[in-house]
Every structure is written in C-alpha cells, then in structure tokens.
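Order-wise, the sequence lines are chains G and Z.
Using UniProt numbering, the letters of the first sequence map in sequence onto residues 1 to 292.
Using UniProt numbering, the letters of the second sequence map in sequence onto residues 1 to 435.
Where a beta carbon is used, it is the ideal one built from N, C-alpha and C, also for glycine.
Worksheet: the structure to be examined is printed underneath.
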Amino acid sequence: MDKVMSDKRVIALYVLPALLMIIILVYVPIIMTGYYSLMKWDGIGERTFVALDNYKQLLKDSMFWKSVYHSFLLAVFSVLSLGGYLVVSLVLAGRIKGANILRKIYLIPMLLSSVAIAQLWLRIYHPSNGMLNQFLSFLGVDDPPNWLADPSIVLYSVFIPIIWQYAGFYILIYYAALKNIPSSIIEAAIIDGANPWQLAYKIKLPLIAGVIKVTIVLAVVGSLKYFDLIYVMTGGGPNGASEVIASYMYQKAFRSFNFGYGSAIAFSLLILCIVATWLIRKLTHTEEEVQY
Amino acid sequence: MLKKAHTILWLVVLMLVLAGCSEKTTEKDTEGKGEEKVTLTFMHLWPAGSSKQHNMIVNEIIQEFEAENPNVKIKQEILENEQYKNKLKVLGASNELPDIGMTWAAGFLEPYAKGGLFTPLDDLLDGGLRENFVSGTTEPYALDGKTYALPLELNITPIYYNKGIFEKYNLEVPKTYDEFKQVVQVLVDNGVAPIALGNKDRWTGSMWYMYLADRIGGADTLKNAINGSGTFEDPSLVQAAEEIQNLVKMKAFIKGFNGLSNDEAKAEFTNEKAAMYLMGTWDLPQFTTNEDIPKEFREKVGFFKFPEVEGGKGNIDSWVGGPGVGLFVSENSKHKEEAKQFVKFFVEKWGERSVTRAGVIPATKVNTANIDLPQMYIDVLNELANASNITLFADVQMNPEAAQTHLNLIQSLFGESVTPEKFAKQHQEALSNTR
Chain G
1 MDKVMSDKRV
11 IALYVLPALL
21 MIIILVYVPI
31 IMTGYYSLMK
41 WDGIGERTFV
51 ALDNYKQLLK
61 DSMFWKSVYH
71 SFLLAVFSVL
81 SLGGYLVVSL
91 VLAGRIKGAN
101 ILRKIYLIPM
111 LLSSVAIAQL
121 WLRIYHPSNG
131 MLNQFLSFLG
141 VDDPPNWLAD
151 PSIVLYSVFI
161 PIIWQYAGFY
171 ILIYYAALKN
181 IPSSIIEAAI
191 IDGANPWQLA
201 YKIKLPLIAG
211 VIKVTIVLAV
221 VGSLKYFDLI
231 YVMTGGGPNG
241 ASEVIASYMY
251 QKAFRSFNFG
261 YGSAIAFSLL
271 ILCIVATWLI
281 RKLTHTEEEV
291 QY
Chain Z
1 MLKKAHTILW
11 LVVLMLVLAG
21 CSEKTTEKDT
31 EGKGEEKVTL
41 TFMHLWPAGS
51 SKQHNMIVNE
61 IIQEFEAENP
71 NVKIKQEILE
81 NEQYKNKLKV
91 LGASNELPDI
101 GMTWAAGFLE
111 PYAKGGLFTP
121 LDDLLDGGLR
131 ENFVSGTTEP
141 YALDGKTYAL
151 PLELNITPIY
161 YNKGIFEKYN
171 LEVPKTYDEF
181 KQVVQVLVDN
191 GVAPIALGNK
201 DRWTGSMWYM
211 YLADRIGGAD
221 TLKNAINGSG
231 TFEDPSLVQA
241 AEEIQNLVKM
251 KAFIKGFNGL
261 SNDEAKAEFT
271 NEKAAMYLMG
281 TWDLPQFTTN
291 EDIPKEFREK
301 VGFFKFPEVE
311 GGKGNIDSWV
321 GGPGVGLFVS
331 ENSKHKEEAK
341 QFVKFFVEKW
351 GERSVTRAGV
361 IPATKVNTAN
371 IDLPQMYIDV
381 LNELANASNI
391 TLFADVQMNP
401 EAAQTHLNLI
411 QSLFGESVTP
421 EKFAKQHQEA
431 LSNTR
C-alpha cells in the first residue's frame, strides 16, 4: 500500500474526483456569485455590468445592516449557549445514571428537519391557541405577547428554537471529546484530591480546548449564514424585524428579482464568514497544544 | 453442476428479456412512422395531492388533446406554488423553459416577456379566442401591445362572514363603512374576534388597504399612483392608511395577525372564532362544496361587498381582484404551433369545466343559466357581471422590487410602526426609484 501511495500520479488519480467535485460544486459557484454581484441583473434578461454599484448601494442600505446586526446577535447567542451545552456535557460525561438515554433525548431535535421544527414552534407560539400563551393565560397573564408579530421580541422568539435545535449536536461533540480524555489522568487528579470543580476547570476543559475552539467557529459561521427556520417561521417579518443576512439575500434575489444585488449580499456574507473565522482563530490561538 | 445450471438459466432469462425489449422497440418504430412524433413539456402547479380537482381536469384535457392529435404527447411536470416560481426562474435564466407553462400577470410576467422568453399569443386571440374571455382579463398579461399569456382564472375578493355569529349578536350586513365599524365594535365588545387576517403573508393586509383606498379615493387614484401618473401622497391614500390603523386600534383583527400565515387565519374563521374574512373567490369551494369542512359551517358562510365609505369617491361594485395563473408558450419551444394549439384547446375546455368541477371561476365567460352550481357561486358570478371595475392586486401591479417595499410597508402599517404619512411617502419613493 505504501508503495502504491508513494507514486505521485496515483495520489493525483485518487484525489482528482473529489477535487473536481469541490471545484465544480463549491468554488465555481462562488466565483460566479462574485461575478454576478458586479451586474445589474433580474435573473432572467440581459446582464449589464455596473462594477461596484451593488456594493455601494449595500453600504448605504439600512435594511442590510439591520440584518447583519441580527445575524451577529444570533452568533453571540449561539456562542453563549455553548457554555450551557458544555455544562450539560460535563454532567453527562460524569458517569451519571441514564447518561445514554439523556444524550439521545438531547439529540432528537437535531434529527428533525428544520421545517418540522418551525411548524412545531409555530404551534407553540400561536397567539391565541398556542401552548405558550395558553399556559400564560392559565397563570393569569391578561394579554400574553404576540411572540412572532411583535417586532421587539420576534427576533428572540426565533432564536430560542434555533438554539434548541442545535443543542444535541454540540452536546454530542463535547460528550465525545470528554469521553476521549484518558481515565488515568482523571483518576490521578482524584487521588491528588482534586474536587469536581477543579477537575472540570483545570483538567477537562483545557484538554478539550481544541474542540471548544472548533465549536465556536461552527456556531458563529453557522449563525451568520442561518436561514431555514427564520424563513419558515416569520419570513424575516414583521417588516424586517427578524431579517438575517441569508433571508435578506433570498428576498432580494428571489422576491425582488434583483439577482445582482442578491449576489452582492451573498458575497459579503462569504467575506464576513471568512473574517469571523480568521478572527476567532486568532483570538483563541494558543502557543502550546495540550498533549496527553 | 448446479453452477452450470444457474448460468444457463440466467442466459435464458437474459435472452428472453432482450428479445422482449427489441420486439417492443421495433413495434413502436413502425407505429411512429408516417407522422412526426412531438413531445411537449407542460409545467403546472396543481399536484394531485393538494389540488385534486384541478389535477383531474388537467389530465382529462391532456388525454382528449392527445386523442385528437395522436402525434403529440404531453409530458407534465408538477410543482407546488413556491417551488414552481423558483424553478421557473432558474429555467428562465438558463433558457430552458418548458414548452407550455403557467405564469402570473403583470409584474411577474414582465421580466420573462421583456427577456423574450415567452412568445406572443395574439394570433390565438385574433383567431376567435378573444370573444371567450371576460373583457379586460387578458390585459394584465399584455406588454407593449402583445399578449404573452392567456388567463385561466379570475378572482374577486368579497368579505366572507359567519351568518351564525352575525345572527347571535343581531348584526346586519353593513352597507356603509360606519355600519361596518359598528359591527366590528359590537363583536369586540362581545369578545368575538371580528376579522381573521394572516398578515405574515402581507398580501392579505394589502387587500384591506386597497379596498379602503378604492372606496375613499375612487378606482383610479391607486392605479395612477402605481403607474406614475398620480402620486401616492394623495390625501385619500393617506386617509386609507389612517383608517387601517383605526381598525387596528379598535382590535378589529385577530390577535397576533402580523405573525400568522393566511392558512392559520383561515383556520380561525373556519373554527368560527372570527366573524369575517376578506379573501379571494379561490376559497369559494371551501365554503360551499368541500366535504372536508363541516357542512354546518359551510351553510353559515355568506359574503358581502366591501362597504362604501361616506363621502368617498369609490363605488360598492368596484372589486379588488384579478386574473390568477395564465398559460404561456416558450419562445424557444421547438414545437410552437403544437404548443399554441394545446393552449387554445386547454383554455376552451378549462372554461367549460373548471367552475362546475373544481370551483374555479375561469377567465372565460360562463353561462350561468344552464349549469348547476351552489347559490354562492351564482351570486359571485352575477356580481362579476355587474362589476364596475376590477383593480388588480397592488403587489401584482407593481414591479417586483416596489412590490416588496409595498408588502413590507403594509406589515408596518398594520403593526403601527409607521405613520400613514411616512407610509405614503416611502411608497412614493420606492415607486419612483424603481420605475
């Protein structure tokens, strides 16, 4: 096997199909999007070259900045929620009873499709017969809020299902990472008299720091380009109160038939994601990797 | 030995299969000789699941057409509404439209027509088909004097109401807007939600605004504001926006309407939790013939015309509405003639069957004298005959970009996050910027 793999041509042969696929399906569309973003185009008729006009317009577009703000807010909330998932995973990995079952329960939302989740939460949030408002009126609240119609709270109302949806995914990652820590290290610490807090904070967390960094990147990038649940639940409304970058892009490209502008938004989103990833890498960078 | 037997068996089976195949193909070949075989693709948005009746009629018409034209085969591709719109756009961009497909009027059709993707169908109209259509229904599909699609449906929007609830509180069908507001007040006082509205979809609220604009400013004010010969800052259009907010303040609409979809709102009406519902006549089957909805409820539903506003210029026989989907033929179709013939055939047959079988009011004239229909249909068809004006839905009249601004502003107006003056001003800006 080693002999075969030492031949450069064979390596090229094996890598080629995947490389071709990724170029055709990922990189070419990215370049095309960048190209379209320099055009004024309704998606059907003639394209006219307008250079950076779309981007100039974008910089002045208050709705775009509002959606960028909303996306960043979602990223902040997702990262904060990672802390919660970490705590849950620490507890689960601490050999409590029923950890296996609990882990599976947490994972279930991840297995549902986003549209199903959106439908489920639409029922919960329904202003008059929804579970949440029925419960509130049972408690004696006179005029329970219109969760998805009130511009001041709609954004948070859609964040909750999104965070709920991804809980299982991150818990699973953390759980696996924690289970990977050699038991000899933990046992040694216990013999040395470490209490559970010290065990978690001084031993376990530093050992899975690499995984935590990856999840932060995943959460931030995932939030920035988030689309489906918001699209189904509110469509970005009322009047843009829950609009995020991706839903705004969809609206511009497919509703307003402004493909050039939509492409400009998409390309900006890509740049934002790359910058965010780079920043997080930079900020969380440590010289020494912990080894065990 | 066994292995050998297996191999032989396999060979025999294979030979049989191959022989079968080849025989069939030769048969087909001889059959097809003589006339050229033509396959037309037809894309539409009536799946058997959600639009059973529509789908059945489509299949019947296709069968009949194929029987009359044995050399033509129609291949259907069926998608749900939203997917349909997206797919059509993608196909349009790559110049691969189906031979025949469905389109909406005005703003939706414009980019396709301008891009030369649809072929003009005026020769069909001039060939005698024009007589069949209700006057004015083909105009929204025309651009620069050419008609690019032929409509299948025509809809107007009455206010449906629950007779049971009205009786319970001794309410009369309102003739004037003041009476209408009294009805709303009585219902609110009794804890009944007056109007079901799902304004997450936005065009639903737009219809309320359009009616008020029509009744206050007359049929042309809004039209002119949209086509640029008038202005959106016309006092009557601002006043209509104020009236919307007055209704919101009265709690005329169901709770949380800005976050509810149209379907959710309709459920409130069909569950008898709300008394009134302004919606297109495309929902008539649900209130008359649809067996899935309880009979007791269907018998309670009536409709009335949007009341007149005192001192307003509008008249009660003016409707908000318009043609729904229409059929187009692709400019790039290899078999344009056959496709056009199919469109003509389809429009005629559809007109004969759609109203009795699927409850769709066709854009072609219907003779009510000798057909058996629920009373509400006959009433609507008669109203249609008396209509003084039909104003096309605002978001269809406007170009797509301005339409989005309009729809968002409607949501803000209903949510009281924009003043009537700003509402008008921002419309004016959006309309003049995108013209």
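Checklist line | Same chain, Cβ closer than 6 angstroms to Phe287 (chain Z), neighbours up to 5 away in sequence not counted | finding: Arg298, Val301
Notebook entry, point to check: Listed in chain order, which residues of the region 174-200 of chain Z have Cβ atoms closer than 9 angstroms to some Cβ of chain G?
Noted result: Ala193, Asn199, Lys200
Checklist line | Enclosing alpha helix (DSSP H) for residue 302 (chain G) [first to last residue] | finding: Given a span of 1 to 292 for chain G in the structure shown, any question on residue 302 (chain G) remains unanswerable.
Notebook entry, point to check: Given a threshold of 16 other Cβ atoms within 10 Å of its Cβ, counted over all protein chains shown, does Ser71 (chain G) qualify as buried or as exposed?
Noted result: buried
Check: Once you ignore the five residues that flank Thr39 (chain Z) on each side, which residues in its own chain have a CB closer than 7 angstroms to its CB?
Finding: Lys73, Lys75
Checklist line | Within chain G, partners of Phe257 (chain Z) - CB distance below 9 angstroms | finding: Pro127, Asn146, Ala149
Item checked: Unbroken alpha helix (DSSP H) run spanning Tyr112 (chain Z), endpoints -> 106-114
Check: Around the C-beta of Leu90 (chain G), are 16 or more other C-beta atoms found within 10 angstroms, so that it is buried, or is it exposed?
Finding: buried
Item checked: According to DSSP, residues forming a beta bridge with Tyr161 (chain Z) -> Z:Met276, Z:Gly302
Check: Would the region 35-44 of chain G and the region 257-276 of chain G be scored as touching if the rule is three or more Cβ pairs under 8 angstroms?
Finding: yes
Check: Tell me which same chain residues have a C-beta within less than 8 angstroms of the C-beta of Phe227 (chain G), skipping the five on either side of it?
Finding: Val244, Ala246, Ser247, Tyr250
Next item on the list: Return no unless some Cβ of chain G is closer than 8 angstroms to the Cβ of Gly228 (chain Z).
Entry: no
Checklist line | Exposure of Asp283 (chain Z), with buried meaning 16 or more beta-carbon neighbours within 10 Å | finding: buried
Next item on the list: Return helix, strand or coil for Glu416 (chain Z), following the three-state DSSP convention.
Entry: coil
Item checked: Contact between the region 124-133 of chain G and the region 142-154 of chain G (3+ Cβ pairs under 8 angstroms) -> yes
Notebook entry, point to check: Going by the CB atoms, is the gap between Ile378 (chain Z) and Thr368 (chain Z) shorter than 8 angstroms?
Noted result: yes
Item checked: Counted within 10 angstroms of its Cβ, other Cβ atoms place Asn399 (chain Z) as buried (16 or more) or exposed -> buried
Notebook entry, point to check: For Val221 (chain G), which of helix, strand or coil comes out of DSSP?
Noted result: helix
Checklist line | Cβ distance (whole Å) where Ile390 (chain Z) is taken to contact Gly322 (chain Z) below 8 angstroms | finding: 6 angstroms
Check: Could one say the Cβ of Ile44 (chain G) lies closer than 8 angstroms to chain Z's Cβ atoms, at least one of them?
Finding: yes
Note to self: Within 10 Å of its beta-carbon, does Trp203 (chain Z) have 16 or more other beta-carbons around it, so buried, or fewer, so exposed?
What the structure shows: buried
Check: Nearest CA to the CA of Leu187 (chain Z): which residue from Z:Leu260, Z:Lys251, Z:Glu82, Z:Thr405?
Finding: Z:Lys251
Next item on the list: Alpha carbon to alpha carbon, how far is Phe328 (chain Z) from Ile216 (chain Z)? Give it in angstroms, no decimals.
Entry: 37 angstroms
Next item on the list: May I ask you to report which of helix, strand or coil DSSP gives Gln426 (chain Z)?
Entry: helix
Margin query: Which same chain residues end up closer than 7 angstroms to Thr137 (chain Z) when comparing Cβ atoms and leaving out the 5 residues on each side of it in sequence?
Written below: Pro151, Leu154, Pro323, Ala363
Check: Of the residues that make up the region 13-41 of chain G, which ones have a beta carbon closer than 7 angstroms to any beta carbon in chain Z?
Finding: none
Checklist line | Residue span of the beta strand (DSSP E) that contains Thr137 (chain Z), given as start and end | finding: Counting along the chain, Thr137 (chain Z) falls outside any beta strand (DSSP E), and DSSP gives it neither H nor E.
Next item on the list: Could you tell me which uninterrupted alpha helix (DSSP H) segments, each at least 4 residues in length, are contained entirely in the region 281-357 of chain Z, listed from first to last along the chain?
Entry: 284-288, 295-300, 336-353
Notebook entry, point to check: To the nearest angstrom, how far is it from the Cα of Ser51 (chain Z) to the Cα of Ala176 (chain G)?
Noted result: 48 angstroms
Notebook entry, point to check: Is the region 56-67 of chain Z close to the region 343-353 of chain Z, with three or more CB pairs under 8 angstroms?
Noted result: yes
Notebook entry, point to check: Listing by chain order, which chain G residues have their CB less than 8 angstroms from the CB of Tyr112 (chain Z)?
Noted result: Ile44
Next item on the list: Pair every Cβ in the region 80-90 of chain Z with every Cβ in the region 122-131 of chain Z, then say whether three or more of these pairs are closer than 8 angstroms.
Entry: no
Checklist line | Chain-ordered chain Z contacts of Gln251 (chain G) [CB-CB under 7 angstroms] | finding: Gln404
Notebook entry, point to check: Could you check where the beta strand (DSSP E) with Thr39 (chain Z) kicks off and where it finishes?
Noted result: 38-44
Check: Are Val211 (chain G) and Ile280 (chain G) closer than 8 angstroms when you measure CB to CB?
Finding: no
Next item on the list: Leaving out five residues on either side along the sequence, give the residues of the same chain with a beta carbon under 7 angstroms from the beta carbon of Gly20 (chain Z).
Entry: Note that Gly20 (chain Z) has pLDDT 47, beneath the 50 cutoff, so the model's placement of it is unreliable and the number below is only indicative. Cβ within range, chain order: n/a, list empty.
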